[in-house]
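Q: Under this note's numbering, the residue at position 250 of the sequence shown is numbered 256, and the numbers go up by one with no gaps.
Following this message is one structure expressed as structure tokens.
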Amino acid sequence: MTTSHSPTTAVPPEEPTAPAGVSASEMEANDQAATAPAPRGRRTGDVVLSLEHVSLSFGGVKALTDISFDVREHEIRAIIGPNGAGKSSMLNVINGVYAPQKGRIVFRGRPFTKMHPHQVARMGVGRTFQNLALFKGMSVLDNLMTGRNLKMHSGILAQMIRIGPAEHEEIAHREVVERIIDFLEIQAYRKTPVGRLPYGLQKRVDLGRALATEPSLLLLDEPMAGMNVEEKQDMSRFILDVNDEFGTTIVLIEHDMGVVMDISDRVVVLDYGRKIGDGPPDEVRSNPEVISAYLGVGH
Ligand SMILES: Nc1ncnc2c1ncn2[C@@H]1O[C@H](COP(=O)(O)OP(=O)(O)O)[C@@H](O)[C@H]1O
Ligand SMILES: [Mg+2]
């Protein structure tokens, strides 16, 4: 099942294939043979998102320094790195929360440096946050409906279903949300205030809220932080299912290296705002610089 991504190698000339050959580290000694690294056998396509020499600083703090990075259609792209490495800042630059001082972002052929988060969302970029962005007093259903605000009056669904405006639009939005509720297996909690749910389920609802915007690119900021093993397995499966069933391209910040190895196609490694590794999971984890900066610490 591990058909490598070689069909797409024509795409990104700027992708520096990290110092290969310097592997043979103890870390990869114990598992799979050195065959093609792509863990899922997904077929990824053209580059849909790229960061080109992006730098972002807050006063004297350099959150990102000269970061170039790309994401291909249908890919699950992981971002790893120690706390404070600039991972969340990277997502914030992509979805318009911060404007980089240098460089630019190109999404589906459209370059920008400064764009309002709503505009980015309208282009099809969905997002979950490291700290949940849910309305705790509101029900699961209502929280997911907030994800539809963006789509109100967009009319695409209404046109498809051939119904009139206003209240009928509401029904159409509810149908989308109900489908997401079924998909995420949270039917039993539809009417429950989000704040009363266990943390793992709240994270799932946050994923649902992002899915309700029907993104073509989904940015997930530590969707499994604070979860136990079983919750992580569930979340990993949902992420894979979103990718498979909706065809959504996913950028994922995650600390659990097991999860990253299992579900991602390519991994970028940040350290102090700089990119120190970029490639398939197996390659990245045998990169000595990555091991000493990150993997060696607590993993
Ligand atoms: N809004 C902000 N104002 C000032 N400094 C910030 C802000 N956001 C992030 N930083 C700083 O930028 C660096 C990178 O942060 P962040 O992107 O949150 O890292 P990560 O998500 O990898 O933990 C850190 O030093 C952090 O303190
Ligand atoms: Mg962060």
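Idealized CB from N, CA, C, for every residue including glycine.
Note that this is a predicted model, so its numbers are computed, not measured.
Which same chain residues, not among the five before or five after E58, have their C-beta less than 6 Å away from its C-beta?
A: The residue you call residue 58 lines up with position 52 of the sequence shown. For E58, where only same-chain residues beyond five positions count, the Cβ hits under 6 Å are S74, G109, R110.
Q: Assuming H124 is part of the alpha helix (DSSP H), what are its boundary residues?
A: To locate residue 124, count along the sequence shown from 1; it is residue 118. It spans 123 to 128 - the alpha helix (DSSP H) in which H124 sits, taken as one unbroken run.
Q: Who sits around ligand 4, taking every residue whose Cβ is closer than 6 Å to one of its heavy atoms?
A: With respect to ligand 4, the structure offers nothing, as its ligand set consists of ligand 1 and ligand 2.
Q: Is it true that the region 216 to 231 meets the region 192 to 202, where meeting means three or more beta-carbon pairs spaced less than 8 Å apart?
A: With a cut-off of 8 Å, the region 192 to 202 and the region 216 to 231 do not count as touching, because too few Cβ pairs lie within range.
Q: Any beta carbon from chain D within less than 8 Å of H124's own beta carbon?
A: In the structure shown, chain D cannot be found, because there is only a single protein chain.
Q: Report yes or no: do the region 244 to 251 and the region 278 to 295 share at least 3 C-beta pairs separated by less than 8 Å?
A: Because the criterion of three Cβ pairs below 8 Å is not met, the region 244 to 251 and the region 278 to 295 do not touch.
Q: Can you tell me where the beta strand (DSSP E) holding A84 begins and where it ends?
A: By one-based count along the sequence shown, residue 84 stands at place 78. That run of the beta strand (DSSP E) goes 82 to 86.
Q: Confirm, please, whether the CB-CB distance from E81 to D268 is below 8 Å.
A: Position 262 of the sequence shown, counted from the start, is the residue given in the question as residue 268. Position 75 of the sequence shown, counted from the start, is the residue given in the question as residue 81. The answer is no: Cβ separation not under 8 Å.
Q: In the DSSP assignment, find the beta strand (DSSP E) that holds P117 and state where it starts and stops.
A: Position 111 of the sequence shown, counting from 1, holds the residue named residue 117. Where P117 is concerned, the enclosing beta strand (DSSP E) stretches over 116 to 118.
Q: What's the C-alpha gap between P22 and M151?
A: Translated into the one-based positions of the sequence shown, residue 22 becomes position 16. Translated into the one-based positions of the sequence shown, residue 151 becomes position 145. Unreliable positioning characterises P22 in this predicted model, as indicated by a pLDDT of 36, which lies under 50. A coordinate reading is not provided.
Q: At the level of alpha carbons, what is the spacing between R180 and L156?
A: As a first step, residue 180 is located in the sequence shown; it is residue number 174 there, counting from the start. As a first step, residue 156 is located in the sequence shown; it is residue number 150 there, counting from the start. For R180 and L156, the distance between alpha carbons rounds to 14 Å.
Q: Along the chain, where does the beta strand (DSSP E) containing V255 start, and where does it finish?
A: The residue labelled residue 255 in the question sits at position 249 within the sequence shown. The amino acid occupying residue 255 in the given sequence is Thr; Val does not appear at that position. Looking at the DSSP string, the run of the beta strand (DSSP E) that includes T255 is 255 to 259.
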